[in-house]
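Engineer: Before I ask anything, here is the structure I am working with.
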Amino acid sequence: MDHTSDPSAMRYVIDPSRLDLVEEFRASPLGVHSPELRKLLARMRWGRPEGRLVLIVLEPGRAWRLSCIPKRRGDPMPFVDDRVFTSLAEAEWHVFKLRWQETTGATLPAEVSGDL
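For the sequence shown, UniProt numbering gives the first residue as 1, with consecutive numbering after it.
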């Protein structure tokens, strides 16, 4: 069951002490995730559209940049910074860390927040 078929996923309350879920995502950002991690990801990914972080493909399979959804549909999607990711896993991990802080208000501890 994923976020599209689990109506409780959007009401999922993220517990900032659940670093086991952070470690699970870090170990496999593109892989199969546990039901609990899928709920956490659904909650982090599917909030209000305005300002939602998204990855823009610059070169398929090779390069991505971080952007956010604009206030009005059809407006340009501004890039967040100048960083270009050459690994989708690294890009997803970076976005996860930003969403974690935004959603929980907590910064991840150094032992789980490093690069992949």
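For each residue, glycine too, the CB sits at the ideal point set by N, CA and C.
May I have the straight-line CA-CA distance separating ARG65 from LEU58, to the nearest angstrom?
Structural biologist: If you take the alpha carbons of ARG65 and LEU58, they lie about 7 angstroms apart.
Engineer: Would you please state the rounded distance, in angstroms, between the beta carbons of ARG38 and LEU116? I believe it to be under 8 angstroms.
Structural biologist: Actually they are not in contact, since the Cβ atoms of ARG38 and LEU116 sit about 20 angstroms apart, beyond 8 angstroms.
Engineer: Within this structure, are the beta carbons of THR104 and PRO16 separated by less than 8 angstroms?
Structural biologist: Their beta carbons are under 8 angstroms apart, which means THR104 touches PRO16 by this criterion.
Engineer: Taking the alpha-carbon positions, what's the SER34 to LEU40 distance?
Structural biologist: Distance between the alpha carbons of SER34 and LEU40 is about 10 angstroms.
Engineer: Measure from the alpha carbon of ASP82 to the alpha carbon of each residue in LEU21, GLU92, SER67, then state which is nearest.
Structural biologist: Per the Cα distances, SER67.
Engineer: What residues in its chain sit with their C-beta under 7 angstroms from that of VAL95, if we drop five residues either side in the sequence?
Structural biologist: Excluding residues within five positions, the ones whose Cβ falls inside 7 angstroms are LEU53, LEU55, LEU66.
Engineer: Using only the alpha-carbon positions, how far apart do ARG43 and GLY51 sit?
Structural biologist: Rounded to whole angstroms, ARG43 to GLY51 spans 15 angstroms at the Cα level.
Engineer: Suppose you measure from the CA of TYR12 to the CA of GLU36; what does that come to, to the nearest Å?
Structural biologist: Roughly 9 angstroms between the two C-alpha positions.
Engineer: Just verifying my parser: in three-state terms, what is the DSSP assignment at VAL13?
Structural biologist: DSSP places VAL13 in coil when its eight states are reduced to three.
Engineer: So what's GLU36 in DSSP terms, helix, strand or just coil?
Structural biologist: Looking at GLU36 - three-state DSSP - the assignment turns out to be helix.
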